[in-house]
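**Q**
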Amino acid sequence: MSLTRRSALVTGGSRGIGAEIARRLAGEGFDLTIAARDPETLEQTAHRLREQTGATVNPVAAHMNDPDQVRALVRAHEDRFGGMNALVLSAGTGTAGTVADMPAKTYERMVDINVRAPLTLMQAALPQLRRSAAADAERGAKIIALASITGVAGEAGLAAYGATKAALISLCETVSLEESAHGVSATALSPGYVDTDMTAWKRDVLDRSTMLTTGDIAELALAVTRLSRNAVVPNIVVTRAGDQVWRA
Ligand SMILES: NC(=O)c1ccc[n+]([C@@H]2O[C@H](COP(=O)([O-])OP(=O)(O)OC[C@H]3O[C@@H](n4cnc5c(N)ncnc54)[C@H](OP(=O)(O)O)[C@@H]3O)[C@@H](O)[C@H]2O)c1
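For the sequence shown, this note's numbering gives the first residue as 47, with consecutive numbering after it.
#1: Taking 8 angstroms as the threshold, find out whether the stretch 170–185 comes into contact with the stretch 221–238 through three or more Cβ pairs.
#2: Is P149 helix, strand or coil by DSSP?
#3: Would T99 and A72 be called neighbours here (beta carbons separated by less than 7 angstroms)?
#4: In its own chain, which residues sit with a C-beta less than 6 angstroms from the C-beta of M148, not counting the 5 before and 5 after it?
#5: Check each candidate in C218, V103 and A181 and name the one with the smallest Cα separation from L192.
#6: Roughly how many angstroms lie between the CA atoms of M47 and F76, to the nearest whole one?
#7: On the three-pair Cβ rule with 8 angstroms, is the stretch 84–101 touching the stretch 113–124?
#8: Measuring straight from C-alpha to C-alpha, what distance separates L258 and A170?
#9: DSSP three-state call for D77: helix, strand or coil?
#10: What residue range does the alpha helix (DSSP H) around V240 cover?
#11: Which ranges does the beta strand (DSSP E) cover as unbroken runs of at least 3 residues, wholly within the stretch 160–197, from first to last along the chain?
#12: Are V221 and V134 close, meaning C-beta to C-beta below 7 angstroms?
#13: From what residue to what residue does the alpha helix (DSSP H) around A54 run?
#14: Taking 7 angstroms as the cut-off, decide whether the C-beta atoms of I63 and I263 are in contact.
#15: Is it buried or exposed, G128, if we count other Cβ atoms within 10 angstroms and call 16 or more buried?
#16: Please go through the same chain and pick out, in chain order, the residues whose beta-carbon is closer than 7 angstroms to the beta-carbon of A101, but skip the five residues on each side of it.
#17: Quick one: Cα of H123 to Cα of A287, how far?
#18: Going by alpha carbons, who is nearest to H109 out of V103, T139, R254 and T91?
#19: Following the continuous beta strand (DSSP E) through L135, name the residue where it begins and the one where it ends.
#20: Within this structure, are the beta carbons of T271 and A137 separated by less than 7 angstroms?
#21: Name the one or two DSSP bridge partners that G143 has.
#22: If the criterion is Cβ atoms closer than 7 angstroms, does the pair S236 and N281 meet it?
#23: List the whole-angstrom C-beta distance separating L167 from V106, where the pair is believed to meet the contact cut-off of C-beta under 8 angstroms.
#24: Out of V279, A269, A277 and A294, point me to the one whose CA is closest to D241's CA.
#25: Hey, V161 and T210: beta-carbon distance below 7 angstroms or not?
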């Protein structure tokens with residue numbers, strides 16, 4: 047393991063919020079594994095990050111609905127970097143639909159990708175995170191998970207998505223309770239609508255200029271990685287400007 051450079055594994059690191067967090071972390075001196083399904087986009091993002099920051103960036107294709115691929119991803123990070131200072135869980139999926147009408151397949155996919163994969167990733171990565179936390183007496187090691195404001199306050203038409211994100215927020219709290227005495231803590235980031243591919247379906251009814259930016263969220267992720275190991279931040283809620291605090 048390098049004594050000077052830190053490393054992070056960023057799921058969903060090829061596009062959107064994850065790609066911007068990856069860019070900021072690379073600029074901060076982290077070497078990276080970035081993961082997503084589409085190898086071409088991953089490679090393009092990795093190339094861009096190397097050019098912009100000089101960081102070592104290892105793209106690994108992995109589907110979050112397959113626990114074996116998820117565990118192999120964590121092993122690939124260890125093989126390359128020997129430890130993990132930050133685990134960023136940004137891969138996620140969302141489909142709108144009411145409780146009354148949502149097909150089982152649709153909510154099962156959200157549970158698999160938004161809850162099972164993060165839990166599998168945390169389990170698989172904890173040995174590396176603990177080791178890196180022990181080696182960094184100042185900051186420890188961080189888990190940063192992209193939840194959603196719909197996991198904090200229910201929103202009609204987004205119930206299954208919100209339920210998976212509420213579970214993720216709970217998971218972050220619990221892992222901090224269990225691991226923070228040893229320097230590993232988790233933070234959920236819970237934004238309203240962010241202008242990415244994921245919110246393209248919303249652009250007809252919601253002006254893009256009113257959405258949060260990927261930079262807003264990446265700024266907070268970066269701040270979390272700079273905190274001392276004594277500072278545990280369970281959840282950061284980011285709402286959009288306007289007169290309704292708890293809506294997406
Ligand atoms: N955008 C918002 O308004 C918003 C608000 C609150 C929270 N969030 C959360 O923030 C996270 C990032 O969202 P985003 O807006 O950045 O989304 P995005 O622009 O659609 O990017 C999603 C990223 O995750 C990867 N991904 C998607 N499904 C995957 C799967 N099954 N297996 C592996 N990788 C997968 C994508 O690459 P591939 O397609 O190549 O796999 C891509 O890199 C999500 O967890 C989302 O729920 C988003």
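Where is the CB? At the ideal position from N, CA and C, for every residue including glycine.
**A** Quick look at the numbers:
#1: yes
#2: In the sequence shown, counting from the first residue as 1, residue 149 sits at position 103. The answer is coil: DSSP assigns P149 none of H, G, I, E or B.
#3: By 1-based counting over the sequence shown, the position of residue 99 is 53. By 1-based counting over the sequence shown, the position of residue 72 is 26. Yes, Cβ-Cβ distance for T99 and A72 is below 7 angstroms.
#4: Your numbering for residue 148 matches position 102 in the sequence shown. Here the set comprises A206.
#5: Locating residue 192 in the sequence shown gives position 146, where the first residue counts as 1. The shortest C-alpha separation from L192 is found at C218.
#6: Position 1 of the sequence shown, counting from 1, holds the residue named residue 47. Position 30 of the sequence shown, counting from 1, holds the residue named residue 76. Any reading at M47 must be qualified, since the residue scores a pLDDT of 45, below 50, and its modelled position is unreliable; no value is offered.
#7: no
#8: Here residue 258 refers to the residue found at position 212 of the sequence shown. Here residue 170 refers to the residue found at position 124 of the sequence shown. Between L258 and A170, the C-alpha separation is close to 32 angstroms.
#9: As a position in the sequence shown, residue 77 is number 31, starting the count at 1. Three-state DSSP puts D77 in a strand.
#10: What you label residue 240 is simply residue 194 of the sequence shown in a count that begins at 1. First-last for V240: undefined, no H or E at that position.
#11: 187–192
#12: Locating residue 221 in the sequence shown gives position 175, where the first residue counts as 1. Locating residue 134 in the sequence shown gives position 88, where the first residue counts as 1. It is not a contact, given that the beta carbons lie outside the stated cut-off.
#13: Position 8 of the sequence shown, counted from the first residue, corresponds to residue 54. A54 -> not in any alpha helix (DSSP H); beta strand (DSSP E) instead, spanning R52 to T57.
#14: Residue mapping note: residue 63 aligns to position 17 of the sequence shown, counting from 1. Residue mapping note: residue 263 aligns to position 217 of the sequence shown, counting from 1. Cβ distance < 7 angstroms, so I63 and I263 count as in contact.
#15: What you label residue 128 is simply residue 82 of the sequence shown in a count that begins at 1. Looking at its Cβ environment, which holds fewer than 16 other Cβ atoms inside 10 Å, G128 is exposed.
#16: Translated into positions along the sequence shown, residue 101 becomes position 55. Hits under 7 angstroms: A72, F76, D77, L78 and L95.
#17: In the sequence shown, residue 123 corresponds to position 77, counting from 1. In the sequence shown, residue 287 corresponds to position 241, counting from 1. For H123 and A287, the distance between alpha carbons rounds to 38 angstroms.
#18: For this step, residue 109 is matched to residue 63 along the sequence shown. With distances taken between Cα atoms, H109 lies closest to T139.
#19: Sequence index remark: in the sequence shown, residue 135 carries index 89 (1-based). Its beta strand (DSSP E) spans residues A132 to L135.
#20: Mapped onto the sequence shown, residue 271 falls at position 225. Mapped onto the sequence shown, residue 137 falls at position 91. It is not a contact, given that the beta carbons lie outside the stated cut-off.
#21: Numbered from its first residue, the sequence shown carries residue 143 at position 97. For G143, which the question treats as bridged, DSSP gives the partners L204.
#22: For the purposes of this step, residue 236 is identified with residue 190 of the sequence shown, where counting begins at 1. For the purposes of this step, residue 281 is identified with residue 235 of the sequence shown, where counting begins at 1. Yes.
#23: Translated into positions along the sequence shown, residue 167 becomes position 121. Translated into positions along the sequence shown, residue 106 becomes position 60. L167 to V106, Cβ: 12 angstroms. No contact.
#24: Mapped onto the sequence shown, residue 241 falls at position 195. For the residues V279, A269, A277 and A294, the minimum Cα distance to D241 belongs to A294.
#25: Your numbering for residue 161 matches position 115 in the sequence shown. Your numbering for residue 210 matches position 164 in the sequence shown. Going by C-beta atoms, V161 is nearer than 7 angstroms to T210.
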